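Structure, as structure tokens:
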Amino acid sequence: MRARFNNPQAAGQQFSPAMVPGIHQKGDVHALHAPVLVLNASYEPINVCVARRAIVLVLKGVAMAEEENGHFLHAARVALRVPSVIRLLEYRRIPHQTRALSRKNILLRDRNTCQYCAQVLGPSDLTLDHVLPRSRGGASSWENLVACCHSCNRRKGNQYPAEAGMKLMREPRAFNLHTSRHIMRLMGRSDDKWRKYLFY
Ligand SMILES: [Zn+2]
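Whatever position you read off the sequence shown (first residue = 1), add 192 for the working numbering.
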């Protein structure tokens, strides 16, 4: 395990993943949601997760921090460096064509952006909208689910977008590796530390 702490007194202290949710200093909540690039053991970029998840993986000894983002999280008397890039210690086979259909992956594909009004919001302020309403036979699929803010979701109700006078920003598509690499590249533009892993 290579979780690194800035406080020498912390060196001997046992850190456990259970301590992470207890961090509540000002600014830490934002830091916990910062995006972290996840690399396979081979250094191939495979995912993006939030800092909180990355810290848990490092503390569990599943991954190590490759880059840090300069922020600290404070818990008890120790400060923990927030990673910007982590790498899994054991190689994982990644199914390369599609990803699991999940709320998290839909929000990642849509970059936390309401697909009707283009607002960028936190995950808790977004819901999933069935473009063709479920009550009218719309499927729960990559092609029929989009990120949507609560107010657009209420406005749309049980209607097709056109009936509600609304328009999708773009046609929803399955989230394949190409898409996820593309998203990682877009997100990586704001973080210089990601560049060497994403642009090669
Ligand atoms: Zn909206």
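Don't be surprised by glycine CBs; every beta carbon is placed ideally from N, CA and C. Note that this is a predicted model, so its numbers are computed, not measured.
query: Using the C-alpha atoms, what's the distance from R346 back to V250?; result: 40 Å
query: Taking 9 Å as the CB-CB cut-off, is F264 touching chain C?; result: Going by chain labels, chain C is absent from the structure shown, which holds only one protein chain.
query: Just verifying my parser: in three-state terms, what is the DSSP assignment at S276?; result: strand
query: Classify V312 as buried or exposed, calling it buried when 16 or more other Cβ atoms lie within 10 Å of its own Cβ.; result: exposed
query: Is it buried or exposed, N350, if we count other Cβ atoms within 10 angstroms and call 16 or more buried?; result: exposed
query: Beta-carbon separation of L265 and A243 under 9 Å?; result: yes
query: Going straight from the alpha carbon of H322 to that of R269, what length do you get?; result: 46 Å
query: Buried or exposed: where does E258 fall if 16 or more other Cβ atoms within 10 Å of its Cβ makes it buried?; result: buried
query: Can you tell me where the alpha helix (DSSP H) holding N297 begins and where it ends?; result: 295 to 301
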